[in-house]
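Novice: Dumping the structure here so I can ask a few things about it.
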Amino acid sequence: MKVRVNRAGQLLILLTIFLGVAAANTANNGLYIVVSFLLAGMLISGVISLYNLKNIDVRIKFPEEVFAQTPTFATVSLRKNARYTSFLIKVSNKIDEVIFPKVSREWVSEKIKFLFQKRGYYEKVKVKISSDFPFGMFRREYEKDVRIKLIVFPKPIPTTFNPKTMKEEEGEKQSSSVVKGYEEVKEIRDYVGEPMKLIHWKASARLGELKVKEMLTEEQNPIILSLDSVSGDLETKLSKLTYLVLKLSKEGYSVGVKLGNKLIEPARGQEHVRQILKELALYNLDYGVHLS
1 MKVRVNRAGQ
11 LLILLTIFLG
21 VAAANTANNG
31 LYIVVSFLLA
41 GMLISGVISL
51 YNLKNIDVRI
61 KFPEEVFAQT
71 PTFATVSLRK
81 NARYTSFLIK
91 VSNKIDEVIF
101 PKVSREWVSE
111 KIKFLFQKRG
121 YYEKVKVKIS
131 SDFPFGMFRR
141 EYEKDVRIKL
151 IVFPKPIPTT
161 FNPKTMKEEE
171 GEKQSSSVVK
181 GYEEVKEIRD
191 YVGEPMKLIH
201 WKASARLGEL
211 KVKEMLTEEQ
221 NPIILSLDSV
231 SGDLETKLSK
241 LTYLVLKLSK
251 EGYSVGVKLG
261 NKLIEPARGQ
271 EHVRQILKEL
281 ALYNLDYGVH
291 LS
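Under UniProt numbering, the first residue of the sequence shown carries the number 1, and numbering increases by one thereafter.
See the structure below:
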């Protein structure tokens, strides 16, 4: 655990030294008493600040979808694993910080921003725990590795795409929307994360659960994306595929992906999209894990 002297602490130390020298030169008992109180205050402050940061449990929960190079808010929770309470606990990382006024034996939570530079699987994140309590003269701090299980998806890079040729389009953007072709209802089925415009509200109200319309359309053919569908280096291709998976699935397409010898069959729904994004996030990583 590191100790840093704040500006107030520096002034207090200089004042104590000055008064100590003056007391020694003048043999003034009053100055000796003042210096003694100042030294005692620094000692008490150090002991309190030490115990203030001890026995603090930390856990961090991330949202289900986290993308590389995209700021995301996580929930950081603290708990004091002791009978006494801690005060003014700061949790920080490279881009954000949050202060907990009081931490007791019950979990307390705040939001903090994280930024992951690379896609992949993260087993832990590093945060700094610090506090200026009790007098603001000294700051104690230490770094803590918090274990998580998080897959960071590739950063989405916008691109255009022609569903008929299954290829990325160069130059001027063209619309690839499928929704405009809906004309006839094929069947009614359970809702599994499809766009809101496909919900059959009358059937949903009658049955008491969300139902969606399966539509007949000229553009209903499923789409299977691959690395050959887009241009760029590997990371750029994965980022463009991430964008297309999100975009096309939102437009109502049944989307699949082929990466090497692995094929994920086209389907709809949020869970299916996340499965594809996980495959893109972990594709061709030499060691499979990034540690922040």
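Don't be surprised by glycine CBs; every beta carbon is placed ideally from N, CA and C.
Rounded to whole angstroms, what is the Cα-Cα separation between Val91 and Arg139?
Specialist: The residue labelled residue 91 in the question sits at position 91 within the sequence shown. The residue labelled residue 139 in the question sits at position 139 within the sequence shown. Roughly 13 Å separates the two Cα atoms.
Novice: Just to confirm, is the Cβ distance from Val125 to Ile60 under 8 Å?
Specialist: Here residue 125 corresponds to residue number 125 of the sequence shown, with the count starting at 1. Here residue 60 corresponds to residue number 60 of the sequence shown, with the count starting at 1. Yes. Within cutoff.
Novice: From the DSSP output, read off the bridge partner residues of Arg268.
Specialist: Translated into positions along the sequence shown, residue 268 becomes position 268. Beta-bridge pairing links Arg268 to no other residue.
Novice: Identify, in the order they occur along the chain, each residue of the same chain with its Cβ nearer than 7 Å to the Cβ of Glu172, setting aside the five sequence neighbours on each side.
Specialist: In the sequence shown, the residue the question calls residue 172 occupies position 172. At Glu172 the pLDDT is 41, less than 50, meaning the model places this residue with poor confidence; the figure from the coordinates comes in the next sentence. Correct list: empty, nothing qualifies.
Novice: At the level of alpha carbons, what is the spacing between Leu216 and Gly232?
Specialist: The residue labelled residue 216 in the question sits at position 216 within the sequence shown. The residue labelled residue 232 in the question sits at position 232 within the sequence shown. Confidence is the limiting factor: at Leu216 the pLDDT is only 48, short of 50, which leaves the residue's position unreliable and the question unanswerable from this model.
Novice: So, for Lys111: in the same chain, excluding its five sequence neighbours on each side, which residues have a beta-carbon less than 8 Å away from its beta-carbon?
Specialist: In the sequence shown, the residue the question calls residue 111 occupies position 111. So the qualifying residues of the chain are Phe73, Ala74, Thr75, Val76 and Val98.
Novice: Figure out for me which residue from Leu88, Lys113 and Leu115 has the closest Cα to the Cα of Lys102.
Specialist: The residue given as residue 102 occupies position 102 in the sequence shown. Selected option, being the one with the closest Cα: Leu88.
Novice: Do Ser36 and Phe135 have their CB atoms nearer than 8 Å?
Specialist: Taking the sequence shown and counting its residues from 1, one reaches residue 36 at position 36. Taking the sequence shown and counting its residues from 1, one reaches residue 135 at position 135. No, they are not a contact pair.
Novice: Buried or exposed: where does Asn28 fall if 16 or more other Cβ atoms within 10 Å of its Cβ makes it buried?
Specialist: In the sequence shown, counting from the first residue as 1, residue 28 sits at position 28. Under this definition Asn28 is an exposed residue.
Novice: Name the residue from Gly41, Ile129 and Phe116 whose alpha carbon lies nearest to the alpha carbon of Phe153.
Specialist: Position 153 of the sequence shown holds residue 153. It is Phe116 whose Cα lies nearest to the Cα of Phe153.
Novice: From the DSSP output, in three-state form, read off Leu15 for me.
Specialist: As a position in the sequence shown, residue 15 is number 15, starting the count at 1. DSSP places Leu15 in helix when its eight states are reduced to three.
Novice: Report the residue ranges of all alpha helix (DSSP H) runs contained in full by the region 45-110; include only those spanning at least 4 residues, in chain order.
Specialist: Here no run is fully enclosed.
Novice: Quick test of your reading: Lys155 and Thr70, contact by CB under 8 Å. State the CB separation rounded to the nearest angstrom.
Specialist: Taking the first residue of the sequence shown as 1, we reach residue 155 at position 155. Taking the first residue of the sequence shown as 1, we reach residue 70 at position 70. The pair is a contact, with the Cβ atoms about 6 Å apart (cut-off 8 Å).
Novice: Do you know how far the Cα of Phe62 is from the Cα of Leu277?
Specialist: Sequence index remark: in the sequence shown, residue 277 carries index 277 (1-based). Sequence index remark: in the sequence shown, residue 62 carries index 62 (1-based). Taking the straight line from one Cα to the other gives about 16 Å.
Novice: Leu210 and Ser204: beta carbons closer than 8 Å?
Specialist: Start at 1 with the first residue of the sequence shown, and residue 210 comes out as number 210. Start at 1 with the first residue of the sequence shown, and residue 204 comes out as number 204. Cβ distance < 8 Å, so Leu210 and Ser204 count as in contact.
Novice: What did DSSP end up calling Phe116 once you bin it into helix, strand or coil?
Specialist: Taking the first residue of the sequence shown as position 1, residue 116 is located at position 116. In this structure, Phe116 counts as coil in the three-state DSSP scheme.
Novice: Do the CB positions of Leu282 and Ile151 come within less than 8 Å of each other?
Specialist: Here residue 282 corresponds to residue number 282 of the sequence shown, with the count starting at 1. Here residue 151 corresponds to residue number 151 of the sequence shown, with the count starting at 1. Yes, the pair counts as a contact, with Cβ atoms nearer than the cut-off.
Novice: Tell me the DSSP bridge mates of Ser231?
Specialist: Position 231 of the sequence shown, counting from 1, holds the residue named residue 231. DSSP output for Ser231 lists no bridge partner at all.
Novice: Grab the span of the beta strand (DSSP E) containing residue 319 for me, first residue to last.
Specialist: Only positions 1 to 292 of the chain appear in the structure, and residue 319 is not among them; the question remains open.
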